[in-house]
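Trainee: For the sequence shown, UniProt numbering gives the first residue as 1, with consecutive numbering after it.
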Amino acid sequence: MVRKSQEWPDEGELIVGTVYKVLNYGAFAKLEEYQGKEAFIHISEVSAGWVKNIRDHVRENQKIVCRVLRVNPKKGHVDASLKRIREDQRTKKIQHWKIEQKAEKFLELSAKSLDKSLDEAYDEVGYDLMDIFGDVYGAFETAADEGAESLIEEGIPEDWAEAITEVAQKNITPPEVHINGYVDIETFVPNGVEIIIEALKAAEDNGDEEEEIKVQCVGAPRYRITVKSTDYLLAEKALKAAAERCIAIVEESDGNGSFLRELDD
Numbered sequence: 001m002v003r004k005s006q007e008w009p010d011e012g013e014l015i016v017g018t019v020y021k022v023l024n025y026g027a028f029a030k031l032e033e034y035q036g037k038e039a040f041i042h043i044s045e046v047s048a049g050w051v052k053n054i055r056d057h058v059r060e061n062q063k064i065v066c067r068v069l070r071v072n073p074k075k076g077h078v079d080a081s082l083k084r085i086r087e088d089q090r091t092k093k094i095q096h097w098k099i100e101q102k103a104e105k106f107l108e109l110s111a112k113s114l115d116k117s118l119d120e121a122y123d124e125v126g127y128d129l130m131d132i133f134g135d136v137y138g139a140f141e142t143a144a145d146e147g148a149e150s151l152i153e154e155g156i157p158e159d160w161a162e163a164i165t166e167v168a169q170k171n172i173t174p175p176e177v178h179i180n181g182y183v184d185i186e187t188f189v190p191n192g193v194e195i196i197i198e199a200l201k202a203a204e205d206n207g208d209e210e211e212e213i214k215v216q217c218v219g220a221p222r223y224r225i226t227v228k229s230t231d232y233l234l235a236e237k238a239l240k241a242a243a244e245r246c247i248a249i250v251e252e253s254d255g256n257g258s259f260l261r262e263l264d265d
């Protein structure tokens, strides 16, 4: 069960629940992010249209996303609505909830490496990670990318920071970026074909850098350069350098060259 640092959700917040009881006048759902809390959805808040049979819209054990209308601590539940959400909001919330489920598993693995329980993990660092990084997964992403020091600098104990970083770097793959550009190159010397081939090979040769560079012929004299990297700025730098290497070889042989950056979507 994914947990929140606060006891109750806020009015207007989107929440994930599991329906456990459906009655003629409404449905009850256990909240997945707030321990021991539940939501009540009145039949009038189930659908924008007329509801003849509530069970045509909700059923027991169904995962739902709803919007909080009112918070009622005395009754121990919140009043919520299924109809006051757009489909894209519902999809986005479910995706985020699934990511946080994964993050909780990561936190549990980190705790086990320190011979501690998930409850202890939340009490000692989990809620702090939410406050600092927005959510637990955000903390693991930061640790995977920047290392344990990024957590320690935020006040996370060193043993936890190192345990979290070890799990993060084993389980989180940095997102890849792909960018494209074009070089127009031409030369009219007798060995022009060999020079063009040399220039294209130079474009692909990135030395010891991690960025992967590929060159494809679009239709002479135009060639596409594609750079794959985990860092957008480094990819931009590698693309520009590849084009410059290519053009320099052509121009040394009295040829012409120019570079065009393809716009990102």
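Quick reminder that beta carbons are idealized off the backbone N, C-alpha and C, glycines included.
(1) Go to E38, then tell me how far its beta strand (DSSP E) extends in each direction, as first and last residue.
(2) Give a yes or no on whether the C-beta atoms belonging to I99 and Y137 are separated by under 8 Å.
(3) Which stretch, first to last residue, makes up the alpha helix (DSSP H) that contains I249?
(4) Within 8 Å, do at least three Cβ pairs link the stretch 226-242 to the stretch 187-198?
(5) Along the chain, where does the beta strand (DSSP E) containing G200 start, and where does it finish?
(6) So what does I94 bridge to, in DSSP terms?
(7) Which residue from E87, K201, Y34 and Q95 puts its Cα closest to that of V215?
(8) Buried or exposed for V16, please, with buried defined as at least 16 other CB atoms from any protein chain shown within 10 angstroms of its CB.
(9) Residues in its own chain within less than 6 Å of S44 by CB, not counting five upstream and five downstream?
(10) Going by other Cβ atoms of all chains shown within 10 Å of its Cβ, with 16 needed for buried, is P175 buried or exposed?
(11) Report all residues from its chain with a CB closer than 6 Å to the CB of Y182; omit the five preceding and five following residues, and keep chain order.
(12) What are the boundary residues of the beta strand (DSSP E) that includes K21?
(13) Quick one: Cα of I132 to Cα of E154, how far?
(14) Between which two residues does the alpha helix (DSSP H) containing V167 stretch?
(15) Which of the three DSSP states, helix, strand or coil, is assigned to E212?
(16) Are A29 and T18 closer than 8 Å when you measure CB to CB?
(17) Can you give me the start and stop residues for the beta strand (DSSP E) that E186 sits inside?
(18) Pull up the distance between the alpha-carbon of W160 and that of G147, whole angstroms please.
(19) Is it the case that the Cβ atoms of V65 and H57 are separated by a distance below 8 Å?
(20) Does the beta-carbon of Y34 have 16 or more other beta-carbons within 10 angstroms, so that it is buried, or is it exposed?
(21) If you check the beta carbons only, do R245 and Y122 fall under 8 Å apart?
Mentor: A quick look at the data gives this:
(1) E38 to H42 is the span of the beta strand (DSSP E), which, as asked, contains E38.
(2) Cβ atoms of I99 and Y137: closer than 8 Å.
(3) For I249, the enclosing alpha helix (DSSP H) stretches over residues Y232 to E252.
(4) Because the criterion of three Cβ pairs below 8 Å is not met, the stretch 187-198 and the stretch 226-242 do not touch.
(5) Reading off the sequence, residue 200 comes out as Leu, not Gly. Careful: L200 lies outside any beta strand (DSSP E), inside the alpha helix (DSSP H) at G192 to E204.
(6) Residue pairing for I94: DSSP places it in no beta bridge.
(7) Cα-wise, what sits closest to V215 is K201.
(8) Buried: at least 16 other Cβ atoms inside 10 Å.
(9) Once the five neighbours on either side are set aside, S44 has no close Cβ partner at all.
(10) Under a 10 Å Cβ-count criterion, P175 is classified as exposed, with fewer than 16 other Cβ atoms of the shown protein chains found around its own Cβ.
(11) These residues qualify, in order along the chain: R222, R224 and L260.
(12) Segment L14 to L23, the beta strand (DSSP E) holding K21.
(13) In this structure, the alpha-carbon of I132 lies about 7 Å from that of E154.
(14) For V167, the enclosing alpha helix (DSSP H) covers residues E158 to N171.
(15) If DSSP states are grouped into helix, strand and coil, E212 belongs with the strands.
(16) Yes; because the gap between Cβ atoms is below 8 Å, this pair is in contact.
(17) E186 -> beta strand (DSSP E) spans V177 to E186.
(18) Going from the Cα of W160 to the Cα of G147 covers about 12 Å.
(19) No, the pair does not count as a contact, with Cβ atoms beyond the cut-off.
(20) It counts as buried.
(21) Their beta carbons are not under 8 Å apart, which means R245 does not touch Y122 by this criterion.
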